[in-house]
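In the working numbering, the protein residues as written are 657 to 1043.
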(Lines of atoms letter the chains of each structure in order from A and count residues from 1; the text may use other names and numbers.)
(Lines give C-alpha, C1' and ligand atoms only; values in the text may rest on other atoms or scores of the structure.)
Protein backbone atom coordinates (compact mmCIF):
# COMPACT_ATOMS: atom_id res chain seq x y z
CA UNK A 1 0.00 0.00 0.00
CA UNK A 2 2.77 2.40 0.99
CA UNK A 3 4.67 1.55 -2.19
CA UNK A 4 1.57 2.24 -4.30
CA UNK A 5 1.03 5.58 -2.57
CA UNK A 6 4.60 6.62 -3.29
CA UNK A 7 4.10 5.71 -6.95
CA UNK A 8 0.91 7.77 -7.13
CA UNK A 9 2.60 10.78 -5.53
CA UNK A 10 5.53 10.44 -7.93
CA UNK A 11 3.21 10.32 -10.94
CA UNK A 12 1.25 13.34 -9.71
CA UNK A 13 4.49 15.25 -9.17
CA UNK A 14 5.74 14.25 -12.62
CA UNK A 15 2.44 15.31 -14.21
CA UNK A 16 2.56 18.68 -12.45
CA UNK A 17 6.16 19.32 -13.50
CA UNK A 18 5.37 18.33 -17.09
CA UNK A 19 2.39 20.70 -17.26
CA UNK A 20 4.32 23.49 -15.57
CA UNK A 21 7.17 22.98 -18.01
CA UNK A 22 4.71 23.14 -20.91
CA UNK A 23 3.37 26.51 -19.74
CA UNK A 24 6.93 27.86 -19.42
CA UNK A 25 7.79 26.49 -22.86
CA UNK A 26 4.74 28.18 -24.36
CA UNK A 27 5.57 31.46 -22.67
CA UNK A 28 9.16 31.23 -23.88
CA UNK A 29 8.00 30.65 -27.45
CA UNK A 30 5.79 33.73 -27.62
CA UNK A 31 8.04 36.04 -25.59
CA UNK A 32 10.97 35.30 -27.89
CA UNK A 33 8.88 36.53 -30.84
CA UNK A 34 9.25 40.31 -31.04
CA UNK A 35 5.74 41.77 -31.02
CA UNK A 36 6.26 45.46 -30.51
CA UNK A 37 2.97 47.07 -31.56
CA UNK A 38 4.42 48.55 -34.76
CA UNK A 39 5.94 45.19 -35.71
CA UNK A 40 2.74 43.98 -37.35
CA UNK A 41 4.36 40.82 -38.73
CA UNK A 42 5.68 39.96 -35.27
CA UNK A 43 2.31 40.47 -33.57
CA UNK A 44 0.67 38.34 -36.26
CA UNK A 45 3.28 35.64 -35.64
CA UNK A 46 2.24 35.54 -31.97
CA UNK A 47 -1.45 35.36 -32.90
CA UNK A 48 -0.74 32.51 -35.33
CA UNK A 49 1.29 30.70 -32.68
CA UNK A 50 -1.47 30.78 -30.05
CA UNK A 51 -4.37 30.16 -32.47
CA UNK A 52 -3.99 26.34 -32.55
CA UNK A 53 -3.60 26.27 -28.77
CA UNK A 54 -7.11 27.70 -28.36
CA UNK A 55 -8.45 25.52 -31.18
CA UNK A 56 -7.17 22.44 -29.33
CA UNK A 57 -9.48 23.39 -26.45
CA UNK A 58 -12.50 23.36 -28.74
CA UNK A 59 -12.76 27.07 -29.53
CA UNK A 60 -13.71 28.40 -32.94
CA UNK A 61 -10.86 30.84 -33.63
CA UNK A 62 -10.61 33.62 -36.19
CA UNK A 63 -8.17 36.44 -36.89
CA UNK A 64 -10.18 39.60 -37.50
CA UNK A 65 -8.67 42.42 -39.55
CA UNK A 66 -8.54 45.90 -38.02
CA UNK A 67 -11.58 47.90 -39.24
CA UNK A 68 -9.28 50.88 -39.87
CA UNK A 69 -6.92 48.92 -42.10
CA UNK A 70 -4.08 46.42 -42.01
CA UNK A 71 -1.51 49.20 -41.63
CA UNK A 72 -3.04 50.23 -38.29
CA UNK A 73 -2.41 46.91 -36.57
CA UNK A 74 -2.21 43.16 -36.92
CA UNK A 75 -5.51 41.24 -36.67
CA UNK A 76 -7.26 40.59 -33.36
CA UNK A 77 -7.63 36.97 -32.28
CA UNK A 78 -11.24 36.09 -31.44
CA UNK A 79 -11.98 32.64 -30.00
CA UNK A 80 -15.52 31.59 -29.11
CA UNK A 81 -17.25 28.59 -27.56
CA UNK A 82 -21.00 28.26 -27.06
CA UNK A 83 -22.19 27.34 -23.59
CA UNK A 84 -25.49 26.23 -22.13
CA UNK A 85 -26.39 29.91 -21.84
CA UNK A 86 -25.88 32.63 -24.43
CA UNK A 87 -24.66 34.96 -21.66
CA UNK A 88 -20.95 35.30 -22.31
CA UNK A 89 -17.80 35.51 -20.21
CA UNK A 90 -15.26 37.52 -22.19
CA UNK A 91 -11.53 37.19 -21.46
CA UNK A 92 -9.40 40.14 -22.61
CA UNK A 93 -5.62 40.19 -23.15
CA UNK A 94 -3.09 41.42 -25.72
CA UNK A 95 -0.27 40.07 -27.87
CA UNK A 96 1.72 43.27 -28.40
CA UNK A 97 4.45 44.81 -26.23
CA UNK A 98 6.15 48.20 -25.98
CA UNK A 99 9.46 46.74 -27.19
CA UNK A 100 9.96 47.24 -30.93
CA UNK A 101 12.61 45.39 -33.00
CA UNK A 102 14.99 48.31 -32.41
CA UNK A 103 14.98 47.64 -28.65
CA UNK A 104 17.93 45.82 -27.11
CA UNK A 105 15.44 43.89 -24.94
CA UNK A 106 14.44 40.92 -27.11
CA UNK A 107 14.90 37.54 -25.43
CA UNK A 108 14.24 35.70 -22.21
CA UNK A 109 16.82 35.26 -19.47
CA UNK A 110 16.28 33.35 -16.24
CA UNK A 111 17.28 35.24 -13.10
CA UNK A 112 16.77 32.12 -11.00
CA UNK A 113 14.60 29.02 -11.00
CA UNK A 114 11.37 31.02 -10.74
CA UNK A 115 12.05 34.51 -12.14
CA UNK A 116 11.88 35.01 -15.90
CA UNK A 117 13.09 38.30 -17.36
CA UNK A 118 11.85 39.15 -20.84
CA UNK A 119 9.77 41.53 -22.99
CA UNK A 120 6.07 40.97 -22.36
CA UNK A 121 6.56 38.20 -19.81
CA UNK A 122 4.10 39.85 -17.42
CA UNK A 123 2.53 42.37 -19.80
CA UNK A 124 0.79 40.51 -21.25
CA UNK A 125 1.97 37.21 -22.66
CA UNK A 126 1.89 35.62 -19.23
CA UNK A 127 -1.83 36.41 -19.15
CA UNK A 128 -2.37 34.47 -22.39
CA UNK A 129 -0.68 31.39 -20.91
CA UNK A 130 -2.73 31.68 -17.70
CA UNK A 131 -6.02 31.70 -19.64
CA UNK A 132 -4.98 28.71 -21.73
CA UNK A 133 -4.15 26.62 -18.68
CA UNK A 134 -7.19 27.75 -16.69
CA UNK A 135 -9.64 27.00 -19.49
CA UNK A 136 -8.03 23.66 -20.27
CA UNK A 137 -8.50 22.55 -16.66
CA UNK A 138 -12.03 24.00 -16.51
CA UNK A 139 -13.18 22.37 -19.76
CA UNK A 140 -11.98 18.93 -18.66
CA UNK A 141 -14.70 19.03 -16.00
CA UNK A 142 -17.11 21.16 -18.03
CA UNK A 143 -16.94 20.09 -21.70
CA UNK A 144 -20.19 22.00 -22.22
CA UNK A 145 -19.60 25.17 -20.18
CA UNK A 146 -22.46 26.84 -18.33
CA UNK A 147 -21.78 30.19 -20.01
CA UNK A 148 -20.54 30.94 -23.50
CA UNK A 149 -16.84 31.80 -23.56
CA UNK A 150 -15.03 34.39 -25.65
CA UNK A 151 -11.30 35.15 -25.91
CA UNK A 152 -10.10 38.49 -27.29
CA UNK A 153 -6.38 39.03 -27.88
CA UNK A 154 -5.76 42.61 -28.95
CA UNK A 155 -2.86 43.31 -31.33
CA UNK A 156 -2.29 46.93 -30.28
CA UNK A 157 -3.33 47.46 -26.67
CA UNK A 158 -0.13 49.32 -25.87
CA UNK A 159 -1.26 52.21 -28.11
CA UNK A 160 -4.90 52.11 -27.02
CA UNK A 161 -6.25 49.35 -29.29
CA UNK A 162 -6.89 51.85 -32.08
CA UNK A 163 -9.61 50.60 -34.42
CA UNK A 164 -11.19 48.18 -31.95
CA UNK A 165 -13.28 50.39 -29.65
CA UNK A 166 -16.55 49.83 -31.49
CA UNK A 167 -15.84 46.09 -31.55
CA UNK A 168 -15.27 46.11 -27.80
CA UNK A 169 -18.55 47.97 -27.26
CA UNK A 170 -20.35 45.37 -29.39
CA UNK A 171 -18.76 42.44 -27.54
CA UNK A 172 -19.70 44.08 -24.24
CA UNK A 173 -23.39 43.95 -25.15
CA UNK A 174 -23.41 40.13 -25.06
CA UNK A 175 -21.06 39.87 -22.05
CA UNK A 176 -22.29 39.63 -18.49
CA UNK A 177 -18.74 39.23 -17.16
CA UNK A 178 -15.48 40.67 -18.56
CA UNK A 179 -12.18 39.36 -17.16
CA UNK A 180 -8.96 41.20 -18.00
CA UNK A 181 -5.70 39.28 -17.91
CA UNK A 182 -3.40 42.23 -17.36
CA UNK A 183 -0.76 41.34 -14.75
CA UNK A 184 -1.69 41.02 -11.10
CA UNK A 185 -0.83 43.85 -8.72
CA UNK A 186 2.62 43.76 -7.12
CA UNK A 187 0.92 42.98 -3.77
CA UNK A 188 -0.85 40.06 -5.51
CA UNK A 189 -4.16 41.95 -5.55
CA UNK A 190 -6.46 42.42 -8.53
CA UNK A 191 -8.09 45.45 -10.18
CA UNK A 192 -11.71 46.27 -9.37
CA UNK A 193 -11.75 49.54 -11.30
CA UNK A 194 -9.79 51.69 -13.72
CA UNK A 195 -9.99 55.40 -14.21
CA UNK A 196 -11.18 56.75 -17.52
CA UNK A 197 -9.10 59.22 -19.48
CA UNK A 198 -9.70 62.07 -21.91
CA UNK A 199 -6.80 63.39 -23.99
CA UNK A 200 -7.07 66.96 -25.24
CA UNK A 201 -4.95 68.47 -27.99
CA UNK A 202 -5.33 72.24 -27.61
CA UNK A 203 -4.39 74.78 -30.28
CA UNK A 204 -4.20 78.54 -29.72
CA UNK A 205 -3.99 80.98 -32.62
CA UNK A 206 -2.47 84.36 -31.78
CA UNK A 207 -0.96 87.14 -33.83
CA UNK A 208 2.73 87.76 -34.22
CA UNK A 209 4.18 91.24 -33.84
CA UNK A 210 7.44 92.94 -32.84
CA UNK A 211 7.73 92.55 -29.08
CA UNK A 212 9.02 96.12 -28.68
CA UNK A 213 7.77 98.40 -31.43
CA UNK A 214 4.36 96.78 -32.08
CA UNK A 215 3.64 94.91 -28.86
CA UNK A 216 0.04 96.08 -28.62
CA UNK A 217 -0.67 94.82 -32.15
CA UNK A 218 0.12 91.25 -31.19
CA UNK A 219 -1.99 88.51 -29.60
CA UNK A 220 0.23 86.31 -27.45
CA UNK A 221 -0.83 82.70 -27.90
CA UNK A 222 1.60 81.44 -25.26
CA UNK A 223 0.17 83.77 -22.63
CA UNK A 224 -3.38 82.69 -23.46
CA UNK A 225 -2.37 79.05 -23.22
CA UNK A 226 -0.47 79.55 -19.95
CA UNK A 227 -3.55 81.13 -18.37
CA UNK A 228 -5.74 78.25 -19.51
CA UNK A 229 -3.27 75.67 -18.23
CA UNK A 230 -3.44 77.22 -14.76
CA UNK A 231 -7.22 76.95 -14.82
CA UNK A 232 -7.07 73.35 -16.01
CA UNK A 233 -4.60 72.41 -13.28
CA UNK A 234 -7.09 73.63 -10.66
CA UNK A 235 -9.50 70.87 -11.74
CA UNK A 236 -7.23 68.29 -10.09
CA UNK A 237 -8.95 66.96 -6.96
CA UNK A 238 -7.15 64.09 -5.26
CA UNK A 239 -10.02 63.44 -2.84
CA UNK A 240 -12.30 62.81 -5.82
CA UNK A 241 -9.56 60.94 -7.75
CA UNK A 242 -9.67 63.53 -10.54
CA UNK A 243 -6.37 64.57 -12.10
CA UNK A 244 -5.31 66.83 -14.94
CA UNK A 245 -1.81 66.78 -16.34
CA UNK A 246 -0.21 68.99 -18.99
CA UNK A 247 2.06 66.62 -20.89
CA UNK A 248 3.48 69.01 -23.47
CA UNK A 249 3.47 72.72 -24.36
CA UNK A 250 5.05 74.34 -27.39
CA UNK A 251 4.68 77.51 -29.39
CA UNK A 252 6.21 80.58 -30.99
CA UNK A 253 9.26 81.13 -33.21
CA UNK A 254 12.03 80.44 -30.66
CA UNK A 255 12.78 84.17 -30.56
CA UNK A 256 12.83 86.67 -27.70
CA UNK A 257 11.47 89.61 -29.66
CA UNK A 258 8.42 88.17 -31.43
CA UNK A 259 5.01 88.05 -29.77
CA UNK A 260 4.00 84.39 -29.88
CA UNK A 261 1.61 83.72 -32.74
CA UNK A 262 0.72 80.10 -32.00
CA UNK A 263 0.81 77.61 -29.16
CA UNK A 264 -0.43 74.12 -28.45
CA UNK A 265 -0.62 71.68 -25.58
CA UNK A 266 -1.44 68.07 -24.80
CA UNK A 267 -3.50 67.50 -21.66
CA UNK A 268 -4.37 64.24 -19.90
CA UNK A 269 -7.53 64.12 -17.75
CA UNK A 270 -8.29 61.13 -15.50
CA UNK A 271 -11.68 60.52 -13.87
CA UNK A 272 -12.99 57.68 -11.66
CA UNK A 273 -16.57 57.41 -12.94
CA UNK A 274 -19.20 58.63 -15.39
CA UNK A 275 -20.44 61.43 -13.14
CA UNK A 276 -16.95 62.86 -12.74
CA UNK A 277 -16.48 62.57 -16.49
CA UNK A 278 -19.56 64.69 -17.13
CA UNK A 279 -18.54 67.32 -14.57
CA UNK A 280 -14.94 67.66 -15.73
CA UNK A 281 -15.87 67.66 -19.42
CA UNK A 282 -18.30 70.52 -18.82
CA UNK A 283 -15.64 72.52 -16.97
CA UNK A 284 -13.02 71.85 -19.64
CA UNK A 285 -15.38 73.08 -22.34
CA UNK A 286 -16.00 76.27 -20.36
CA UNK A 287 -12.27 76.89 -19.87
CA UNK A 288 -11.50 76.32 -23.54
CA UNK A 289 -14.36 78.46 -24.83
CA UNK A 290 -12.28 81.19 -26.44
CA UNK A 291 -12.27 82.56 -30.01
CA UNK A 292 -8.52 81.95 -30.19
CA UNK A 293 -8.75 78.29 -29.11
CA UNK A 294 -9.67 75.06 -30.87
CA UNK A 295 -9.26 71.60 -29.40
CA UNK A 296 -9.54 67.95 -30.35
CA UNK A 297 -10.22 64.98 -28.08
CA UNK A 298 -7.73 62.42 -29.37
CA UNK A 299 -8.60 59.63 -26.92
CA UNK A 300 -11.64 59.06 -24.73
CA UNK A 301 -11.78 55.95 -22.58
CA UNK A 302 -14.62 55.33 -20.10
CA UNK A 303 -13.97 54.44 -16.48
CA UNK A 304 -15.24 51.34 -14.74
CA UNK A 305 -15.50 50.81 -11.02
CA UNK A 306 -16.92 48.48 -8.41
CA UNK A 307 -20.69 48.60 -7.93
CA UNK A 308 -23.38 46.65 -6.10
CA UNK A 309 -23.54 44.08 -8.91
CA UNK A 310 -19.79 43.51 -9.24
CA UNK A 311 -18.84 43.71 -5.55
CA UNK A 312 -19.89 40.15 -4.55
CA UNK A 313 -18.28 38.67 -7.68
CA UNK A 314 -15.02 40.47 -6.92
CA UNK A 315 -15.16 39.13 -3.35
CA UNK A 316 -15.70 35.65 -4.76
CA UNK A 317 -12.52 36.02 -6.82
CA UNK A 318 -10.53 37.28 -3.83
CA UNK A 319 -11.69 34.25 -1.84
CA UNK A 320 -10.53 31.99 -4.68
CA UNK A 321 -7.06 33.56 -4.45
CA UNK A 322 -7.04 33.00 -0.69
CA UNK A 323 -8.07 29.36 -1.14
CA UNK A 324 -5.50 28.57 -3.83
CA UNK A 325 -2.55 30.72 -2.73
CA UNK A 326 -3.18 30.86 1.00
CA UNK A 327 -2.97 34.65 1.14
CA UNK A 328 -5.50 37.42 1.67
CA UNK A 329 -5.32 40.08 -1.01
CA UNK A 330 -7.30 43.20 -1.88
CA UNK A 331 -8.72 44.75 -5.02
CA UNK A 332 -7.47 48.10 -6.31
CA UNK A 333 -8.59 51.02 -8.43
CA UNK A 334 -5.91 51.71 -11.03
CA UNK A 335 -5.12 55.09 -12.54
CA UNK A 336 -4.09 53.43 -15.78
CA UNK A 337 -6.56 52.49 -18.49
CA UNK A 338 -6.79 49.21 -20.39
CA UNK A 339 -8.86 47.44 -23.01
CA UNK A 340 -11.47 46.40 -20.45
CA UNK A 341 -12.40 50.07 -19.97
CA UNK A 342 -14.05 49.97 -23.40
CA UNK A 343 -16.45 47.27 -22.16
CA UNK A 344 -17.81 49.58 -19.47
CA UNK A 345 -21.58 49.91 -19.44
CA UNK A 346 -24.40 49.61 -16.93
CA UNK A 347 -25.02 46.02 -15.87
CA UNK A 348 -21.74 44.42 -16.90
CA UNK A 349 -19.24 43.10 -14.32
CA UNK A 350 -15.59 43.87 -15.03
CA UNK A 351 -12.42 42.74 -13.27
CA UNK A 352 -8.81 43.09 -14.39
CA UNK A 353 -5.32 42.25 -13.21
CA UNK A 354 -6.12 38.53 -13.16
CA UNK A 355 -2.89 37.57 -14.89
CA UNK A 356 0.34 36.35 -13.26
CA UNK A 357 2.47 38.56 -11.04
CA UNK A 358 5.80 40.15 -11.87
CA UNK A 359 7.34 43.60 -11.96
CA UNK A 360 8.97 46.47 -13.87
CA UNK A 361 6.59 46.38 -16.84
CA UNK A 362 7.58 48.55 -19.83
CA UNK A 363 11.24 48.45 -18.81
CA UNK A 364 14.12 46.14 -19.69
CA UNK A 365 13.87 44.80 -16.14
CA UNK A 366 10.39 43.35 -16.76
CA UNK A 367 10.05 39.97 -15.06
CA UNK A 368 7.50 37.32 -14.18
CA UNK A 369 7.30 35.01 -11.19
CA UNK A 370 6.68 31.71 -12.98
CA UNK A 371 5.02 30.20 -9.91
CA UNK A 372 2.10 32.58 -10.38
CA UNK A 373 1.29 31.18 -13.82
CA UNK A 374 0.14 27.99 -12.14
CA UNK A 375 -1.52 29.58 -9.12
CA UNK A 376 -3.38 32.30 -11.05
CA UNK A 377 -4.58 29.72 -13.58
CA UNK A 378 -5.84 27.57 -10.71
CA UNK A 379 -7.58 30.59 -9.18
CA UNK A 380 -9.34 31.33 -12.46
CA UNK A 381 -10.41 27.70 -12.86
CA UNK A 382 -11.70 27.59 -9.27
CA UNK A 383 -13.61 30.85 -9.80
CA UNK A 384 -15.24 29.63 -13.03
CA UNK A 385 -16.26 26.40 -11.31
CA UNK A 386 -18.08 28.43 -8.66
CA UNK A 387 -20.19 30.53 -11.03
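By construction, the Cβ of each residue, glycine as well, lies at the ideal position given by its N, Cα and C atoms. Computed from a prediction, not measured in an experiment: that's the story for all the values here.
Judged by pairs of C-beta atoms under 8 Å, the region 955-973 touches the region 843-854, as three or more such pairs exist. In this model, residue 891 and residue 1028 are separated by some 40 Å (Cα to Cα). Counted as a single uninterrupted DSSP element, the alpha helix (DSSP H) harbouring residue 821 occupies residues 821-829.
Rounded to the nearest angstrom, the Cβ distance from residue 917 to residue 864 is 4 Å, consistent with a contact under 8 Å.
In this structure, the beta-carbon distance from residue 906 to residue 884 does not fall below 8 Å. The count of Cβ pairs closer than 8 Å, one atom from the region 897-913 and one from the region 828-848, stays below three, leaving the stretches out of contact. Sorting 810, 833, 869 and 816 by C-alpha distance to the C-alpha of residue 741 places 833 at the top.
Residue 704 has its alpha-carbon roughly 14 Å from the corresponding atom of residue 781. Taking residue 1032 as reference, the option from 998, 691 and 839 with the minimal CA-CA separation is 839. Contact between the region 861-878 and the region 1005-1021 is absent: fewer than three C-beta pairs spanning the two stretches fall below 8 Å. A direct Cα-to-Cα measurement between residue 778 and residue 915 gives close to 50 Å. In the structure shown, residue 793 falls within a helical segment according to DSSP collapsed to helix, strand and coil.
Within the model, the alpha-carbon separation for residue 799 versus residue 857 is close to 50 Å.
Burial of residue 731 is indicated by the presence of at least 16 other C-beta atoms within 10 angstroms of its C-beta. For residue 954, no alpha helix (DSSP H) segment is defined; the enclosing uninterrupted segment is the beta strand (DSSP E) at 949-957. Uninterrupted beta strand (DSSP E) stretches at least 3 residues long and entirely within the region 722-802 occur at 732-737, 741-750 and 771-773, given in chain order. By the Cβ-count criterion, residue 789 is buried, with 16 or more other Cβ atoms from all chains shown falling within 10 Å of its own Cβ. Residues of the same chain with a CB within less than 6 Å of the CB of residue 773, apart from the 5 flanking positions on each side, are 765, 767 and 1023 in chain order. Contact between residue 955 and residue 836 fails: their C-beta atoms lie close to 18 Å from each other, not under 8 Å. Each of 681, 887, 759 and 717 was checked against the Cα of residue 944, and the nearest Cα belongs to 887. Within the same chain, and ignoring the five residues on either side of residue 868 in sequence, no residue has its Cβ closer than 6 Å to its Cβ. In the same chain as residue 794, and ignoring 5 residues on each side of it, the C-beta atoms closer than 6 Å to its own belong to 1037 and 1040, in chain order. Out of 1012, 797 and 752, the CA that lies nearest to the CA of residue 813 is found in 752. About 13 Å separates the Cβ atoms of residue 702 and residue 710, ruling out a contact at the 8 Å cut-off. Excluding residues up to 5 positions away in sequence, 739 lie with their Cβ nearer than 6 Å to the Cβ of residue 801 in the same chain. DSSP places residue 710 inside the alpha helix (DSSP H), whose first and last residues are 696-711. Cβ-Cβ distances below 6 Å link residue 860 to 877, 880, 881, 919, 948 and 949 in the same chain, with the five nearest sequence neighbours on each side left out; the list follows chain order.
Residue 848 counts as buried, since no fewer than 16 other beta carbons sit within 10 angstroms of its beta carbon.
Take residue 797, set aside five residues on each side of it, and the residues of its chain with a beta-carbon closer than 8 Å to its own are 1041, in chain order. Taking the Cβ atoms as the reference, residue 806 lies roughly 7 Å from residue 747, within the contact range of under 8 Å.
From the listed residues 993, 1013, 1043 and 736, the smallest Cα separation to residue 776 is found for 1013. The beta carbon of residue 687 sits closer than 7 Å to the beta carbons of 764, 774, 775, 776, 777 and 781 from its chain, once the five residues preceding and following it are set aside; these are given in chain order. The Cβ-Cβ distance between residue 683 and residue 809 does not fall below 8 Å. The alpha carbon of residue 996 has as its nearest neighbour, out of 699, 1026, 821 and 733, the alpha carbon of 821.
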